[in-house]
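Per my numbering: the sequence shown = residues 55 to 318. Here a beta-carbon is modelled for each residue, glycine too, at the ideal position from N, C-alpha and C. Working notes, structure below.
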Amino acid sequence: MGRKICVVSGKGGVGKTTVTFGLGVSLAKMGYSVCLMDLDLGLNNLDSLFDLENKVVFDLTDCLEGRCRIKQALINCDFQENLYILSSAKTEIMSQISQIKLNMLINKLAGVFDFVFIDSPAGINNNFFLAVKCSDEAILVVTPHISSIRDADKVIGVIRGTDLQSVSIVINRIRGDMVTRKESLTHLQIQSLLKAQLLGVLPEYDDINIHFGKFVFKKGKSDFVTALNILANNVMKDKKDIYDYTRKYRGFTGLIRRSLKRSV
55 MGRKICVVSG
65 KGGVGKTTVT
75 FGLGVSLAKM
85 GYSVCLMDLD
95 LGLNNLDSLF
105 DLENKVVFDL
115 TDCLEGRCRI
125 KQALINCDFQ
135 ENLYILSSAK
145 TEIMSQISQI
155 KLNMLINKLA
165 GVFDFVFIDS
175 PAGINNNFFL
185 AVKCSDEAIL
195 VVTPHISSIR
205 DADKVIGVIR
215 GTDLQSVSIV
225 INRIRGDMVT
235 RKESLTHLQI
245 QSLLKAQLLG
255 VLPEYDDINI
265 HFGKFVFKKG
275 KSDFVTALNI
285 LANNVMKDKK
295 DIYDYTRKYR
305 GFTGLIRRSL
315 KRSV
């Protein structure tokens with residue numbers, strides 16, 4: 055049976071869908087079979103990250119209502135054969151989703167795939183609880199901003215009252231230059247505030263674009279992709295390696311980089 059993991063956030067705009075997308079790509083490249091399910095009805099973006107929205111014929115609700123087989127709704131990622139997405143409906147009413155039917159669907163997917171990631175909507179709402187109740191684990195995406203941390207703390211409190219086996223946090227968009235200048239919280243400070251297991255950190259990724267489902271680098275090797283691979287390895291092997299996001303901002307050359315970063 056594959057692992058069923060919901061990806062949640064307390065606040066919108068923290069990069070939850072991007073993290074879901076990135077983990078799926080990284081784990082698939084490691085040889086695992088991965089299914090990404092979009093449960094953010096009405097505001098779904100997962101298929102657009104893969105540039106697959108024009109290929110969607112059947113979606114999640116078609117599967118739940120028996121209008122198609124699961125196989126018919128799964129869309130294979132063009133550049134990774136063992137990575138699939140299950141798109142959500144753009145207009146379906148959230149309250150119409152059956153918890154029992156959704157749980158049966160996800161269990162069937164977990165019987166086929168090594169990983170099933172459920173991209174849930176931000177905040178605490180009906181579909182958030184649907185995702186949590188159908189999962190065994192939760193990954194909470196948070197950024198180093200007080201509003202995001204505050205909302206994440208509320209989500210953790212709710213999750214701890216459920217039957218989930220584990221909840222861990224991913225700190226996204228952390229800026230090594232600001233942490234080095236003591237203008238932003240460190241990953242350890244955020245972990246202490248949230249009192250949750252830290253799964254990994256991802257640096258601010260202004261050096262890359264995500265386009266047509268592929269990472270396109272503006273120059274050289276992306277720090278974001280390196281950190282993402284470390285994160286995927288932590289998920290896969292239950293490790294606790296943390297990407298050194300302040301490394302290139304330390305020392306004399308780091309001082310120059312920090313100055314340039316601030317001026318750009």
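Query	Result
Report all residues from its chain with a CB closer than 8 Å to the CB of Asp295; omit the five preceding and five following residues, and keep chain order.	Gly254, Ile284, Asn287 and Asn288
Using alpha carbons as the reference points, say which of Tyr297, Ile210 and Lys65 lies closest to Ala192.	Ile210
Measure the beta-carbon distance from Thr280 to Gly230 and round it to whole angstroms, keeping in mind my assumption that it falls under 8 Å.	So it is not a contact: roughly 13 Å between Cβ atoms.
For the stretch 56-65 against the stretch 176-193, do three or more pairs of beta-carbon atoms, one drawn from each stretch, fall closer than 8 Å, so that the two count as touching?	yes
Considering only C-alpha positions, which residue in the set Ala206, Val88 and Ile228 is nearest to Ser222?	Ala206
Which same chain residues end up closer than 6 Å to Phe182 when comparing Cβ atoms and leaving out the 5 residues on each side of it in sequence?	Ser174
Can you tell me whether Gly64 is buried or exposed, with buried defined as 16 or more other CB within 10 angstroms of its CB?	buried
Can you list, in chain order, the residues of its chain whose CB lies under 7 Å from that of Ile213, leaving out five sequence neighbours each side?	Val186, Ala192 and Val221
Following the continuous beta strand (DSSP E) through Leu348, name the residue where it begins and the one where it ends.	Residue numbering for the chain in the displayed model covers 55 to 318; residue 348 lies beyond these limits and cannot be assessed.
Hey, Asn179 and Val68 are a contact pair by Cβ (cut 8 Å); roughly how many whole angstroms apart?	That belief does not hold up - the Cβ atoms of Asn179 and Val68 are roughly 16 Å apart, past 8 Å.
Please name the residue, chosen from Gln245, Asp116, Asp101 and Leu114, that lies closest to Val196 on a Cα-to-Cα basis.	Gln245
What is the DSSP secondary structure of Ser142, counted as helix, strand or coil?	coil
Consult DSSP for Phe266 and reduce its assignment to one of helix, strand or coil.	Residue confidence is low: Phe266 scores 49 on pLDDT, short of 50, so the model does not pin down where it sits. Its coordinate-derived value is still stated next. In the structure shown, Phe266 sits in coil (DSSP, three-state: anything other than H, G, I, E or B).
For the alpha helix (DSSP H) holding Gln126, just list the boundary residues, first then last.	Ile124 to Ala127
Given a threshold of 16 other Cβ atoms within 10 Å of its Cβ, counted over all protein chains shown, does Val170 qualify as buried or as exposed?	buried
Got a sec? Which residues, its chain only, sit under 8 Å from Gly165 by beta carbon, not counting five neighbours each side?	Met55 and Gly56
Return the CA-CA distance between Val62 and Lys302, expressed in angstroms with no decimal places.	30 Å
Name the one or two DSSP bridge partners that Val170 has.	Lys58 and Cys89
Measure the Cβ-Cβ separation of Leu140 and Asp92 and say whether it is below 8 Å.	yes
Measuring alpha carbon to alpha carbon, tell me which residue in Lys236, Leu248 and Arg121 is nearest Arg304.	Lys236
Buried or exposed for Gly76, going by 16 or more other Cβ atoms inside 10 Å?	buried
Could you pull out every residue in the same chain whose Cβ sits closer than 6 Å to the Cβ of Gln14, ignoring the five residues on either side in sequence?	Outside the displayed span of the chain (55 to 318) sits residue 14, for which this structure offers no information.
Looking at C-alpha atoms only, which residue of Lys249, Gln134, Leu137 and Ile160 is the closest neighbour of Cys117?	Ile160
Taking the continuous beta strand (DSSP E) assigned at Val212, which residues delimit it?	No beta strand (DSSP E) holds Val212; the alpha helix (DSSP H) holding it covers Ile200 to Ile213.
DSSP three-state call for Ile223: helix, strand or coil?	strand
Can you give me the C-alpha to C-alpha distance between Gly120 and Phe167, rounded to a whole angstrom?	21 Å
Going by DSSP, which residues form a beta bridge with Gln243?	Its beta-bridge partners do not exist; DSSP assigns none.
Do Leu128 and Leu156 count as a contact pair if the criterion is CB distance below 8 Å?	no
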